[in-house]
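Colleague: Per our numbering, the sequence shown runs over residues 16 to 118. Before we start, here is the structure in question, set down as structure tokens.
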Amino acid sequence: MNRVIQPYLTEKSAAAIDKGLYVFLIEKDANKTTVTKELHQLYAVTPLSVRIVNLPAKKVNFKRRPGVRAQIRKAYVQLPPKQKIPGFESLTEKDDKKKEKNT
16 MNRVIQPYLT EKSAAAIDKG LYVFLIEKDA NKTTVTKELH QLYAVTPLSV RIVNLPAKKV
76 NFKRRPGVRA QIRKAYVQLP PKQKIPGFES LTEKDDKKKE KNT
């Protein structure tokens with residue numbers, strides 16, 4: 016099975032966790048139903064919606080050497096307001112603590 020590879024954590028995706036939106040890297044052959052089923056098995060959550068985005072490969076230069084950044088596929092998973100995925104709460108708690116220290 017293993018259609019969901021790993022969570023995709025960036026500043027933008029970490030900020031969206033407060034709204035119940037989680038981002039995951041997925042396999043090329045995964046679709047919305049398989050992602051929904053696997054998230055239900057792994058985290059015991061039922062998503063409201065799943066959106067899939069295909070990001071193309073990109074030509075890049077690294078230290079004057081040409082290369083190619085790999086193609087990735089992401090799934091945006093919207094959960095109901097009362098459901099959360101365990102392990103992601105620490106990201107929002109750290110942000111809240113930083114804001115409290117700055118004020």
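Think of the CB as a built atom: it goes at the ideal place given N, C-alpha and C, for glycine as much as any other residue.
Using DSSP with H/G/I as helix, E/B as strand and the rest coil, what is residue 20?
Modeller: strand
Colleague: How would you label residue 85, buried or exposed, when you count the other beta carbons within 10 angstroms and need 16 or more for buried?
Modeller: Its Cβ having fewer than 16 others within 10 Å, residue 85 is exposed.
Colleague: Going by DSSP, name the residue or residues bridged to residue 120.
Modeller: This structure gives no information on residue 120, because the portion of the chain shown stretches from 16 to 118.
Colleague: For residue 70, count the other beta carbons within 10 Å of its own beta carbon; 16 or more makes it buried, fewer makes it exposed. Which is it?
Modeller: exposed
Colleague: Compute the distance between the beta-carbons of residue 37 and residue 87, then report whether it is under 8 Å.
Modeller: no
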